[in-house]
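Taking it in order: structure first as structure tokens, then the write-up.
Residue numbers (my numbering): 1 to 289.
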């Protein structure tokens with residue numbers, strides 16, 4: 001099959017013919033329909049964060065169709081439409097057994113070595129191992145993924161849109177609903193209106209926030225934020241976002257930073273009211289303080 005292979009930090013993707021082994025117990029073979037390009041993928045390319053050994057097949061925000069099911073793997077049928085998740089779980093580690101499968105230690109170990117749950121890779125090129133990015137590696141025609149990292153979706157759902165649910169949507173929405181637990185009537189500021197930030201905006205609207213301030217440096221993104229729930233928009237390239245937020249509402253109950261930059265974290269912190277909170281959603285580079 002064809003895959004986009006990255007040989008190391010700063011290198012260019014190369015489309016190559018690679019080999020993909022059959023799924024093992026608890027795994028699925030999925031034909032990729034769509035894959036988003038997430039900031040985490042770019043972090044691997046530019047070395048902002050060390051997320052995978054090289055050479056590797058990057059990509060993790062994806063959807064597809066199940067074409068083969070590994071032995072002793074229940075809950076799936078060939079032909080199922082699925083989205084892939086970067087939070088598969090083993091079901092047996094301390095985190096999984098205590099109801100916190102998103103912290104699964106087995107998944108963390110698999111990601112650190114660029115493999116699947118057994119620590120090995122299903123990807124290779126000319127007999128040389130290639131690594132899986134975050135147990136998914138979706139910049140390819142097919143993937144083998146842990147069954148616990150795939151979620152069946154309705155077949156009428158467009159697969160290109162469904163792909164975004166697996167990371168950008170759940171990251172943004174989850175930050176609002178689970179991490180911050182935004183209350184109805186709250187004041188919210190969102191720094192960064194990319195894929196994740198826009199879903200924070202939508203999550204805040206669904207949570208019942210009454211003031212939702214979108215902050216970015218791109219007018220197109222700000223215009224889009226207003227269509228999905230923002231009540232105000234601030235262009236940080238032409239005005240001081242902290243001062244503008246204070247003018248609008250005096251300060252916010254929740255400030256979300258969705259860029260992973262130290263400068264915008266400082267700005268976001270400056271908008272928080274006396275009893276408010278700052279939620280860091282964007283990934284900081286290694287070594288940031």
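Every residue, glycine too, gets a C-beta built ideally from N, C-alpha and C.
DSSP-derived helix/strand/coil call for residue i
i: residue 242; result: helix
i: residue 261; result: coil
i: residue 69; result: strand
i: residue 177; result: helix
i: residue 94; result: helix
i: residue 22; result: coil
i: residue 183; result: coil
i: residue 61; result: coil
i: residue 272; result: strand
Beta-ladder partner(s) of residue i, from DSSP
i: residue 254; result: 188 and 277
i: residue 215; result: 191 and 234
i: residue 6; result: 56
i: residue 16; result: 3
Below-9 Å beta-carbon distance, residue i vs any chain B residue
i: residue 95; result: Checking the listed chains, one finds no chain B in this structure; it contains a single protein chain.
Residue i burial status per 10 Å Cβ neighbour count (16 or more: buried)
i: residue 135; result: buried
i: residue 252; result: buried
i: residue 206; result: exposed
i: residue 85; result: buried
i: residue 58; result: buried
i: residue 15; result: exposed
Residue i: CB within 8 Å of a non-hydrogen atom of the ligand NAP
i: residue 70; result: For the ligand NAP, the structure offers nothing, since it holds no ligand at all.
Self-check item: Contact the region 120–128 vs the region 6–22: 3+ CB pairs below 8 Å
Solution: yes
Quiz item: When the Cβ atoms of the region 39–55 are set against those of the region 173–191, are three or more pairs found closer than 8 Å?
Solution: no
Exercise. Report yes or no: do the region 87–102 and the region 63–73 share at least 3 C-beta pairs separated by less than 8 Å?
Key: no
Quiz prompt | Segment contact, 8 Å Cβ cut-off, at least three pairs: the region 22–42 with the region 140–147 | solution = yes
Practice problem: Answer yes if the region 35–47 comes into contact with the region 105–115, meaning at least three C-beta pairs across the two stretches below 8 Å, and no otherwise. | Solution: no
Self-check item: Unbroken stretches of the beta strand (DSSP E), 3 residues or longer, contained in the region 80–138
Solution: For the region 80–138, whole beta strand (DSSP E) runs of length 3 or above, ordered along the chain, are 81–84 and 123–125.
Self-check item: Length at least 3, wholly inside the region 140–166: the beta strand (DSSP E) runs in chain order
Solution: Look at the region 140–166 and you find these whole runs of beta strand (DSSP E), each 3 residues long or longer: 142–146 and 150–153.
Quiz item: Unbroken beta strand (DSSP E) runs of length 3 or more, entirely within the region 26–51: which are they?
Solution: 27–35
Quiz item: Between the region 207–223 and the region 235–245, are three or more C-beta pairs nearer than 8 Å?
Solution: yes
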